[in-house]
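Engineer: If you count the sequence shown from 1, position 165 lands on 1279 in my numbering, and the numbers rise without skipping. C-beta: ideal position from N, C-alpha, C; glycine also.
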Amino acid sequence: MKKRAVIAAFLLFTSFIVLAQVETTTLTEIQQGAAVSKAKLPKGHYCEYCKLNYPESHFPCIMKSIKGKLDAVTGEINFTAGQPISGIVVKGSKENGDLLTLTTNEKGEIEFNNTATGNYKFVVSVPSTNPNSRVAGSPIGGIVVKGGKKPKDSSITLITTENGQIELQNIPAGKYKFTALGASEDEKNNSLLKSVYSEKVN
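#1: Which of helix, strand or coil does DSSP assign to Glu-1299?
#2: Is it true that the CB of Pro-1198 sits closer than 7 Å to the CB of Leu-1295?
#3: Look at the alpha carbon of Leu-1166 and the alpha carbon of Gly-1232, and state the distance between them as a whole number of angstroms.
#4: Secondary structure at Lys-1289, three-state DSSP: helix, strand or coil?
#5: Determine the burial state of Leu-1272: buried for a count of at least 16 other Cβ atoms within 10 Å of its Cβ, exposed for fewer.
#6: Between the Cα of Val-1310 and those of Pro-1253, Ser-1239, Lys-1260, spot the shortest distance and give me the residue it belongs to.
#7: For Gly-1288, which residues in the same chain have their Cβ closer than 8 Å to its Cβ, ignoring the five residues on either side in sequence?
#8: Measure the beta-carbon distance from Glu-1190 to Gly-1256 and round it to whole angstroms, keeping in mind my assumption that it falls under 8 Å.
#9: Pull up the distance between the alpha-carbon of Thr-1293 and that of Asp-1185, whole angstroms please.
#10: Restricting to Cα atoms, I'd like to know which of Lys-1221, Glu-1220, Lys-1208 is closest to Val-1237.
#11: Using a Cβ-Cβ cutoff of less than 6 Å, which residues in the same chain neighbour Ile-1224 once the five nearest sequence positions on both sides are dropped?
#12: Less than 7 Å between the beta carbons of Pro-1253 and Asn-1277, yes or no?
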């Protein structure tokens, strides 16, 4: 009996050693595989939503970040009517002035300071972290831009062209605040909402 017990104990001990070696080998292989996978990740755009790197800004996550929807038929980017649009890029300048690059905040707002009466031209676009991207950085047409001179003036209402453009002409010196909003169908078809606004000059 004692001999059988010793043999059984020996076999049990041996099986534990083999199992431990197998588990160690498997863990090492997993770690090595993870390291290889990580090394193979393409460099470029890091997506805050996917938590992975991509060779370029990728459209699904960009749409998620700005809460937009792509119309597969027309190629237009649509937003919920009246909803502030955060995270989009507004680029423009005064005539012969420095280029402004602004990004709308969580309330869809941008602010800038106009030091003297003049004309501005802006382009509203999808954000891009990669200049070689095929999809990011494209202009956004058909969104409403509302605002005016700070702190209380909100007399200006424009809708971007299909090229994402708006123009402000003859606007006086001062600080301005604008909000980007999703447009309703009525607003999109309203001929009174033009992409160009001009202050009256006495």
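Structural biologist: Based on what the coordinates show:
#1: Start at 1 with the first residue of the sequence shown, and residue 1299 comes out as number 185. Here Glu-1299 sits in helix by DSSP.
#2: Within the sequence shown, residue 1295 is the residue found at index 181, counting from 1. Within the sequence shown, residue 1198 is the residue found at index 84, counting from 1. Annotated as proximal: Leu-1295 and Pro-1198, with beta-carbon spacing under 7 Å.
#3: Taking the sequence shown and counting its residues from 1, one reaches residue 1166 at position 52. Taking the sequence shown and counting its residues from 1, one reaches residue 1232 at position 118. When rounded, the separation of the alpha-carbon atoms in Leu-1166 and Gly-1232 is 44 Å.
#4: By one-based count along the sequence shown, residue 1289 stands at place 175. The answer is strand: DSSP assigns Lys-1289 an E or B state.
#5: Taking the sequence shown and counting its residues from 1, the one referred to as residue 1272 is at position 158. With 16 or more Cβ atoms within 10 Å of its Cβ, Leu-1272 is classed as buried.
#6: In the sequence shown, residue 1310 corresponds to position 196, counting from 1. With distances taken between Cα atoms, Val-1310 lies closest to Lys-1260.
#7: As a first step, residue 1288 is located in the sequence shown; it is residue number 174 there, counting from the start. So the qualifying residues of the chain are Asn-1227, Asn-1228, Lys-1263, Lys-1264.
#8: Start at 1 with the first residue of the sequence shown, and residue 1190 comes out as number 76. Start at 1 with the first residue of the sequence shown, and residue 1256 comes out as number 142. So it is a contact: roughly 7 Å between Cβ atoms.
#9: Taking the first residue of the sequence shown as 1, we reach residue 1293 at position 179. Taking the first residue of the sequence shown as 1, we reach residue 1185 at position 71. When only Cα atoms are considered, Thr-1293 and Asp-1185 end up about 23 Å apart.
#10: Within the sequence shown, residue 1237 is the residue found at index 123, counting from 1. For Val-1237, the closest of Lys-1221, Glu-1220, Lys-1208 by C-alpha to C-alpha distance is Lys-1208.
#11: Position 110 of the sequence shown, counting from 1, holds the residue named residue 1224. Same-chain partners within the cutoff: Val-1204, Leu-1216, Thr-1218, Phe-1292.
#12: Within the sequence shown, numbered from 1, the residue matching residue 1253 stands at position 139. Within the sequence shown, numbered from 1, the residue matching residue 1277 stands at position 163. Yes, Cβ-Cβ distance for Pro-1253 and Asn-1277 is below 7 Å.
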